[in-house]
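Asker: Heads up: the sequence shown begins at 205 in our numbering, then just goes up one per residue.
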Amino acid sequence: MKADYLPRIVDTLLKERLDSIGAVLIAGPKWCGKTTTAEQQAKSVLKLQDPDKTKAYLATAEVKPSLLLNGENPRLIDEWQMAPVLWDAVRSAVDIRGETGLFILTGSTTVDESTIMHSGTGRISRIVMYPMSLYESGESNGKISLSALFENPELDIDGITTNLTIENLVFATCRGGWPSSLSRKTEKAMLFEAQNYLANICDSDASSIDGIKRSPERVKAVIRSYARNISTLATNKTIHGDVSSNYIDISEPSLFSYLNALERLYVIEDIPAWQPSIRSATTIRSAKKKSFVDPSIAVAALSLSPETLLMDLNTFGFLFECLCNRDLKIYSSAIGGRASYYRDRYGMEADCVLHLADGRYALIEIKLGSREIEEGAARLVKLKNLIHKANNEKEAKHREPDLLIVITGGEMAYTRNDGVKIIPIGTLKN
205 MKADYLPRIV DTLLKERLDS IGAVLIAGPK WCGKTTTAEQ QAKSVLKLQD
255 PDKTKAYLAT AEVKPSLLLN GENPRLIDEW QMAPVLWDAV RSAVDIRGET
305 GLFILTGSTT VDESTIMHSG TGRISRIVMY PMSLYESGES NGKISLSALF
355 ENPELDIDGI TTNLTIENLV FATCRGGWPS SLSRKTEKAM LFEAQNYLAN
405 ICDSDASSID GIKRSPERVK AVIRSYARNI STLATNKTIH GDVSSNYIDI
455 SEPSLFSYLN ALERLYVIED IPAWQPSIRS ATTIRSAKKK SFVDPSIAVA
505 ALSLSPETLL MDLNTFGFLF ECLCNRDLKI YSSAIGGRAS YYRDRYGMEA
555 DCVLHLADGR YALIEIKLGS REIEEGAARL VKLKNLIHKA NNEKEAKHRE
605 PDLLIVITGG EMAYTRNDGV KIIPIGTLKN
């Protein structure tokens with residue numbers, strides 16, 4: 205790896221996939237580091253966005269796409285979606301050669317599946333990459349491993365501390381996990397990265413993704429409304445009402461088109477509901493929780509700053525939840541992690557339910573300050589007891605949680621007498 209490369213958690217996962225399958229797709233938002241990460245393991249590179257060669261590459265793809273696959277393997281094909289025919293060319297090459305580790309594809313948008321002939325199942329493995337976690341950016345000390353906790357729920361974490369202050373967390377949230385921001389020389393320049401990202405999405409990417417012209421002002425209005433409702437169960441009808449207060453002619457189908465574009469660009473990524481059979485399905489909330497792939501997008505959309513958020517910690521609490529969810533998804537990615545949330549109309553909830561591929565899961569509450577820890581822990585214990593009670597009353601058993609965790613913006617980790625682990629986000633790693 206290059207000397208100035210900051211290691212990413214996905215590095216190990218990429219290597220494992222290349223050892224196991226013919227091709228790997230790294231998908232995720234622009235500027236999160238996909239290409240740089242792929243280059244660490246690629247032996248040859250094809251960059252379709254090279255301005256000097258794009259036209260020639262696309263012409264070749266139209267006539268004989270297999271020519272673009274020639275090169276030492278693993279061969280990186282960057283922003284492959286510019287020539288969707290390359291997907292089928294890669295799948296065919298993997299079939300013919302029957303080898304592993306042949307290609308790495310990167311893409312910042314999802315592709316209209318009607319433009320490709322085959323899904324790639326069994327030939328192309330997909331990895332979703334996010335902006336950097338606090339551990340990857342060097343801000344979390346990583347003294348508590350999420351994987352180690354799942355392996356040993358009784359692991360002693362008492363007394364482990366972080367030097368991250370609330371001011372540090374606010375700044376990290378506003379700056380975001382964009383790798384290039386870390387090399388900027390001033391804090392103002394670091395904060396500009398998210399603002400620039402938002403401008404690119406609004407001014408060009410939201411239209412270029414599918415060729416539908418979209419007003420930059422309206423794209424920003426949609427993102428701003430989403431940001432106002434971050435980490436809540438606000439419906440798309442609420443978003444529509446908010447946006448239409450300024451743009452009365454925007455219809456619901458038009459709004460859905462905007463939201464679909466933002467999902468395909470990996471800007472917004474809602475959190476699904478967990479619906480275990482422990483209560484009547486009618487009592488469990490099933491709407492998705494509004495979220496972004498990085499909290500800095502919401503900060504930029506709302507024109508917030510570290511100074512304004514330090515004066516409004518209530519608003520920061522919603523952004524902090526987005527930050528923690530981003531990091532949890534990254535830390536658990538190597539072991540098949542996926543995130544959901546639980547909430548029912550009786551007030552029972554868990555901000556995050558982190559599921560692993562083997563069935564283990566953690567119930568997690570995210571609480572910025574120490575005053576909220578007691579409330580969060582009590583909810584987790586109550587939910588665990590509800591699951592236990594349901595298992596005693598029903599034939600169909602549901603696995604009980606392996607971990608109960610309250611993630612905080614505080615300084616010290618410890619395990620409560622009821623078994624709930626209190627963990628500062630500034631101590632976590634994969």
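We put the CB at the ideal spot given by N, CA and C, even for glycine. Quantities reported herein were computed from a predicted structural model and do not represent experimental measurements.
Counting only beta-carbon atoms, is valine 471 nearer than 8 Å to chain B?
Answerer: Given the protein chain composition of this structure (a single chain), no chain B is represented.
Asker: Using only CA atoms, which one of Thr631, Asn621, Val557 and Ile416 lies nearest to glutamate 604?
Answerer: As a working mapping, residue 604 is identified with position 400 in the sequence shown. Answer by Cα proximity: Val557.
Asker: For the candidate residues Ser351, Gly275 and Lys588, whose alpha-carbon lies nearest to that of valine 249?
Answerer: The count along the sequence shown starts at 1 and reaches residue 249 at position 45. Nearest C-alpha to valine 249: Gly275.
Asker: DSSP three-state label for valine 374, please.
Answerer: Within the sequence shown, numbered from 1, the residue matching residue 374 stands at position 170. In this structure, valine 374 counts as helix in the three-state DSSP scheme.
Asker: Grab the span of the alpha helix (DSSP H) containing threonine 519 for me, first residue to last.
Answerer: On the sequence shown, residue 519 is found 315 positions in, with the first residue counted as 1. That run of the alpha helix (DSSP H) goes 517–536.
Asker: Can you list the beta strand (DSSP E) stretches of 3 or more residues lying completely in the segment 280–350, in chain order?
Answerer: 307–311 and 328–332, all fully within the segment 280–350.
Asker: With a threshold of 16 other CB atoms inside 10 Å of the CB of alanine 561, please say whether the residue is buried or exposed.
Answerer: As a working note, residue 561 is residue 357 in the sequence shown. Alanine 561 is exposed by the Cβ-count criterion.
Asker: Decide if alanine 297 is buried, meaning its Cβ has at least 16 other Cβ atoms within 10 Å, or exposed.
Answerer: By 1-based counting over the sequence shown, the position of residue 297 is 93. Looking at its Cβ environment, which holds 16 or more other Cβ atoms inside 10 Å, alanine 297 is buried.
Asker: Find the nearest neighbour of glycine 613 within the set Ser224, Lys251, Lys347 and Thr365, judged by alpha-carbon distance.
Answerer: As a first step, residue 613 is located in the sequence shown; it is residue number 409 there, counting from the start. Nearest C-alpha to glycine 613: Thr365.
Asker: Nearest by alpha-carbon distance to glutamine 244: which of Lys268, Arg279 and Ser270 is it?
Answerer: The residue given as residue 244 occupies position 40 in the sequence shown. Of the listed residues, the one whose Cα sits closest to glutamine 244 is Arg279.
Asker: Kindly indicate which residue of His602, Ile405 and Met394 has the alpha-carbon position closest to the one of glutamate 421.
Answerer: What you label residue 421 is simply residue 217 of the sequence shown in a count that begins at 1. The option with the nearest alpha carbon to glutamate 421 is Ile405.
Asker: Work out the CA separation of leucine 218 and isoleucine 230 for me, nearest whole Å.
Answerer: For this step, residue 230 is matched to residue 26 along the sequence shown. For this step, residue 218 is matched to residue 14 along the sequence shown. Each residue's Cα considered, the two are about 9 Å apart.
Asker: Among the residues of its own chain, which have a CB less than 7 Å from the CB of aspartate 474, if the five just before and after it don't count?
Answerer: Counted from its first residue, the sequence shown places residue 474 at position 270. Contacts found: Lys492, Lys493, Lys494 and Ser495.
Asker: Give the range of the beta strand (DSSP E) segment to which aspartate 555 is assigned.
Answerer: Position 351 of the sequence shown holds residue 555. Where aspartate 555 is concerned, the enclosing beta strand (DSSP E) stretches over 553–559.
Asker: Nearest CA to the CA of aspartate 498: which residue from Gly302, Glu397 and Pro628?
Answerer: Taking the sequence shown and counting its residues from 1, the one referred to as residue 498 is at position 294. Closest by alpha carbon: Glu397.
Asker: To the nearest angstrom, report how far apart serine 385 and lysine 259 are at their CA atoms.
Answerer: Within the sequence shown, residue 385 is the residue found at index 181, counting from 1. Within the sequence shown, residue 259 is the residue found at index 55, counting from 1. Spanning the two alpha carbons is a distance of roughly 31 Å.
Asker: Which of the three DSSP states is assigned to aspartate 606 in this structure?
Answerer: Residue mapping note: residue 606 aligns to position 402 of the sequence shown, counting from 1. Three-state DSSP puts aspartate 606 in coil, outside helix and strand.
Asker: Closer than 7 Å by C-beta to alanine 265: which residues in its own chain qualify, once you throw out the five before and the five after it? Chain order, please.
Answerer: Along the sequence shown, read from residue 1 onward, the residue named residue 265 stands at position 61. Cβ within range, chain order: Leu272, Ala287, Val289 and Leu290.
Asker: What is the DSSP secondary structure of arginine 666, counted as helix, strand or coil?
Answerer: The chain is shown only over 205 to 634; residue 666 falls outside these bounds and no answer can be derived.
Asker: Take the Cβ of glutamate 340 as the centre, count every other Cβ of all protein chains shown within 10 Å, and call the residue buried at 16 or more, exposed below.
Answerer: On the sequence shown, residue 340 is found 136 positions in, with the first residue counted as 1. Classification for glutamate 340: buried.
Asker: For valine 447, which of helix, strand or coil comes out of DSSP?
Answerer: The residue given as residue 447 occupies position 243 in the sequence shown. Here valine 447 sits in helix by DSSP.
Asker: Excluding the 5 residues preceding and the 5 following isoleucine 591 in the sequence, name in chain order all residues of the same chain whose CB lies nearer than 8 Å to its CB.
Answerer: In the sequence shown, residue 591 corresponds to position 387, counting from 1. Taken in chain order, the residues that qualify are Pro480, Ile482, His602, Glu604 and Pro605.
Asker: Would you identify the three-state DSSP class for serine 384, choosing helix, strand or coil?
Answerer: Counting from 1 along the sequence shown, the entry for residue 384 is found at position 180. In this structure, serine 384 counts as helix in the three-state DSSP scheme.
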